[in-house]
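J.: Dropping the structure in here first, questions after.
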Amino acid sequence: IVDVRTSKYSNVTTGKIYQEVLDKERRGDYHGATVQVIPHITDMIKKKIMRAALTTDSDVIISEIGGTVGDIESTPFMEAIRQMRREVGEENVMYIHCTLVPYLHAAHEMKTKPTQHSVAELRSIGIQPNMLVLRAEKPVAQELKNKISTFTDVPVDRIIESIDAPSLFDLPLAFQSQGMDQKVCDFLHLESPKPEADMEAWKKLDERAKNLKHETTITLVGKYVELEDAYISVTDALQHAGYLYDTKIKVNKVQAEDITEDNIADIMK
248 IVDVRTSKYS NVTTGKIYQE VLDKERRGDY HGATVQVIPH ITDMIKKKIM
298 RAALTTDSDV IISEIGGTVG DIESTPFMEA IRQMRREVGE ENVMYIHCTL
348 VPYLHAAHEM KTKPTQHSVA ELRSIGIQPN MLVLRAEKPV AQELKNKIST
398 FTDVPVDRII ESIDAPSLFD LPLAFQSQGM DQKVCDFLHL ESPKPEADME
448 AWKKLDERAK NLKHETTITL VGKYVELEDA YISVTDALQH AGYLYDTKIK
498 VNKVQAEDIT EDNIADIMK
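Our numbering puts the first residue of the sequence shown at 248, with every later residue one more than the last.
Here is the structure:
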């Protein structure tokens, strides 16, 4: 989306963080001190974020913290980004929180409680969101946005909708139509080179992705094909390559252990 070539520094996992901290401890870098989540794990997380910034000479680093607020696994990451605001200056950090606004079909209404509780949980650890992205099935009424703003202390003009869409390519266009990009620039005091980002090439890609003229099937053999996300980077790369050639890619996942010399010809047809 951002048209930037990324490197290994742009992908950080919990396993990588803990492994590097353990390696440092075994080398004696901590001089025998007890390794703790704070400061050793949180410092490593901050180091990884800053390394991505320094190696790319970027003006802005977008760091996604996965999971759900309150999960034990994400706690060190939440604490790390809380500390970063103090260390680099609050005018240089913007917290954007993606939260769910479920629609109850039986009652024919949307509920804001999950959003209220999620933000309350964030605030309890010292993070006040500066913008909310509301994940919803349908448009969120202005009345509900006002209510969310009241309970979360997020200005109503910084509450953005992320409504179910036929394609992920629709979302950047939907966000731009709500002025999300300009609001982020304004908050971080960044001067936009243009009044509005040129999205014409993106619109053409979006249109092409919805009207592909050809179709082909590619068989992907793997060990963990039962897990939907196990090879998502591969399947997404194939889909994106297909857009370039105006072709819809169907991925046929095959369990490697099911392949034998007798059936391989039939499977690969």
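Beta carbons are placed, not taken as given, at the ideal position from N, Cα and C, and that holds for glycine.
As the structure is a computational prediction, the values presented were derived from the model and not from experiment.
Taking the C-alpha atoms as reference points, what is the distance between S424 and F434?
T.: Cα to Cα, the separation comes out at about 18 Å.
J.: How about M331 and I312: are their beta carbons less than 9 Å apart?
T.: Taking 9 Å as the Cβ cut-off, M331 and I312 do not qualify as a contacting pair.
J.: How far does the beta strand (DSSP E) with K497 in it reach, from first residue to last?
T.: Note, K497: beta strand (DSSP E), 494 to 502.
J.: Which same chain residues, not among the five before or five after I292, have their C-beta less than 7 Å away from its C-beta?
T.: Cβ within range, chain order: I264, P323, F324, A327.
J.: With distances taken from CA atoms, which of S305, T303, D270, D304 is nearest I288?
T.: Measuring from the Cα of I288, the nearest candidate turns out to be D270.
J.: Using C-beta distances below 6 Å, list every residue in its chain close to M378, excluding the 5 sequence neighbours before and after it, in chain order.
T.: Once the five neighbours on either side are set aside, the close Cβ partners of M378 are I343, R405.
J.: Give the single residue among D290, G317, S310 whose Cα lies nearest to the Cα of L334.
T.: In the sequence as displayed, the identity of residue 334 is Glu instead of Leu. Ranking the options by Cα distance to E334, first place goes to D290.
J.: Does the Cβ of G489 have 16 or more other Cβ atoms within 10 Å, making it buried, or fewer, making it exposed?
T.: The residue in question, G489, is buried, as its Cβ has 16 or more Cβ neighbours within 10 Å.
J.: Given this structure, state the Cα-to-Cα distance separating K430 from H487, to the nearest angstrom.
T.: Approximately 29 Å between the Cα atoms of the pair.
J.: Based on the DSSP secondary-structure assignment, which residues constitute the bridge partners of G469?
T.: In DSSP, G469 forms a bridge with Q502.
J.: I need the straight-line Cα distance from G511 to T302, nearest angstrom please.
T.: Here the sequence assigns Ile to residue 511, which means Gly is not the residue at that position. If I take the Cα positions, the gap works out to 45 Å.
J.: In the structure shown, what three-state DSSP assignment does I372 receive?
T.: In the structure shown, I372 sits in coil (DSSP, three-state: anything other than H, G, I, E or B).
J.: Would you list the one or two residues that DSSP bridges to V344?
T.: A small fix is needed here, since residue 344 is His in this sequence, not Val. H344 is bridged to L379.
J.: Between the segment 363 to 374 and the segment 388 to 407, do at least 3 Cβ pairs fall closer than 8 Å?
T.: Flag = yes, the segment 363 to 374 and the segment 388 to 407 touch.
J.: I'd like to confirm the pairing. Which residues does DSSP put opposite I410 in its beta bridges?
T.: Partner(s): A383.
J.: Alpha carbon to alpha carbon, how far is I407 from Q389?
T.: If you take the alpha carbons of I407 and Q389, they lie about 11 Å apart.
J.: Considering only DSSP beta bridges, list what E326 is partnered with.
T.: The partner list for E326 (beta bridge, DSSP) is empty, contrary to what the question assumes.
J.: With DSSP as the reference, label Y265 as helix, strand or coil.
T.: Looking at Y265 - three-state DSSP - the assignment turns out to be helix.
J.: Can you check which of these residues, E356, P349, E320, is closest to G262 by C-alpha distance?
T.: Nearest of E356, P349, E320 to G262, Cα basis: E320.
J.: Check each candidate in L491, T253, E267, E473 and name the one with the smallest Cα separation from Q502.
T.: With distances taken between Cα atoms, Q502 lies closest to E473.
J.: Could you tell me the distance, in whole angstroms, from the CA atom of P413 to the CA atom of T463?
T.: Going from the Cα of P413 to the Cα of T463 covers about 21 Å.
J.: Tell me which same chain residues have a C-beta within less than 6 Å of the C-beta of D411, skipping the five on either side of it?
T.: Correct list, in chain order: E384.
J.: Could you tell me the alpha carbon to alpha carbon distance between P376 and V340, rounded to whole angstroms?
T.: Cα-Cα distance, rounded: 10 Å.
J.: Can you tell me where the alpha helix (DSSP H) with H278 in it begins and where it stops?
T.: Here H278 belongs to no alpha helix (DSSP H), and DSSP marks it neither H nor E.
J.: Is it buried or exposed for K470, if we count other Cβ within 10 angstroms and need 16 for buried?
T.: Burial call: exposed.
J.: Along the chain, where does the alpha helix (DSSP H) containing Y256 start, and where does it finish?
T.: Where Y256 is concerned, there is no enclosing alpha helix (DSSP H), given that its DSSP letter is neither H nor E.
J.: Taking a contact to mean a Cβ-Cβ separation below 9 Å, would you say D493 touches D453 in this structure?
T.: No, Cβ-Cβ distance for D493 and D453 is not below 9 Å.
J.: By a C-beta neighbour count over all protein chains shown, 10 Å radius and 16 as the cutoff for buried, is V251 buried or exposed?
T.: Exposed, by the Cβ-count rule.
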